[in-house]
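Start counting the sequence shown at 18; every next residue gets the next number (the working numbering).
C-beta: ideal position from N, C-alpha, C; glycine also.
The block underneath contains the structure these notes are about, expressed in structure tokens.
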Amino acid sequence: MTRNRWFGVLVVVLACTMCFTTGCRKKKGVAGDKTTGGMLGEPGMEESAFAPRPGELKILTDVKMDTVLFDYDSTQIKETERAKLDAVADYLKNTNTRAGVIIEGHCDERGSAEYNMALGERRALAARAYLIGLGVDGSVMQTRSLGKEKPVNPGHDEAAWRENRRDDFIFFEQ
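Below, the structure is given as structure tokens:
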């Protein structure tokens, strides 16, 4: 029995390895799929497995939404930031129902790269959960974390750090 179990685990590991090395991608919106809807920052998965390939998405460059800001080491959506997410929800539900959004989570420079990648992911997931609570279909949203890799303010003080703790929104045509 133990030998059969190990063989099964080996088959699964090999299948997953083949899938990642050959470019196999998860399909979005598969019936019965209990995952996060093809999120880029899905825990335990390689980002490249879900990242759109060049030319796959038509980015809507004319759509700009305000950045959602976070407190230090926090994923809580502040009351003052909720109107920004309400505007994102309104756009996706009412203005352009064919649009989708990539939610990018960012952090300030403090902390390790690994910690900030995880924190950025949790921030993006918090915004996604809030939008789902407003009635936005989870399948039109993807998340990814850029950690501390893309600051909007290169400074090294609280004013710069405040601007860098954020979620950005990139809209695309589905």
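1. Give me the DSSP bridge partner(s) of residue 160.
2. Helix, strand or coil for residue 63? Go by DSSP, reduced to three states.
3. To the nearest whole angstrom, what separates the beta carbons of residue 186 and residue 94, a pair I think is in contact under 8 angstroms?
4. For the beta strand (DSSP E) containing residue 185, name the first residue and the last one.
5. Span of the alpha helix (DSSP H) holding residue 133?
6. Specify the secondary structure class of residue 85 as computed by DSSP and reduced to three states.
7. Smallest Cα separation from residue 163: which of 113, 118, 112 and 133?
8. Which two residues bound the contiguous alpha helix (DSSP H) that contains residue 103?
9. DSSP has residue 94 in a bridge; who is on the other side?
10. Assuming residue 80 and residue 117 are in contact, meaning their beta carbons sit under 8 angstroms apart, how far apart are those beta carbons, in whole angstroms?
11. Can residue 161 and residue 146 be called in contact, C-beta distance under 8 angstroms?
Straight from the coordinates:
1. Reading the sequence shown from its first residue, position 143 is the one you call residue 160. In DSSP, residue 160 forms a bridge with 120.
2. In the sequence shown, residue 63 corresponds to position 46, counting from 1. Since pLDDT at residue 63 reaches only 38, below the 50 mark, its modelled position is unreliable, and the value read off the structure follows with that caveat. Coil at residue 63, not helix or strand.
3. For the purposes of this step, residue 186 is identified with residue 169 of the sequence shown, where counting begins at 1. For the purposes of this step, residue 94 is identified with residue 77 of the sequence shown, where counting begins at 1. That pair is no contact at about 14 angstroms.
4. As a working mapping, residue 185 is identified with position 168 in the sequence shown. Residues 183-190.
5. Against the sequence shown, residue 133 aligns to sequence position 116. Looking at the DSSP string, the run of the alpha helix (DSSP H) that includes residue 133 is 130-150.
6. Locating residue 85 in the sequence shown gives position 68, counting from the first residue. Strand at residue 85.
7. Counting from one through the sequence shown, the residue named residue 163 turns up at place 146. Residue 163 has its Cα closest to that of 133, out of 113, 118, 112 and 133.
8. As a first step, residue 103 is located in the sequence shown; it is residue number 86 there, counting from the start. Run containing residue 103: 99-107, per the alpha helix (DSSP H) assignment.
9. If you number the sequence shown from 1, residue 94 lands on position 77. Partner(s): none; residue 94 has no beta bridge.
10. On the sequence shown, position 63 is the one that residue 80 refers to. On the sequence shown, position 100 is the one that residue 117 refers to. That pair is no contact at about 11 angstroms.
11. The count along the sequence shown starts at 1 and reaches residue 161 at position 144. The count along the sequence shown starts at 1 and reaches residue 146 at position 129. Not a contact, by the Cβ cut-off of 8 angstroms.
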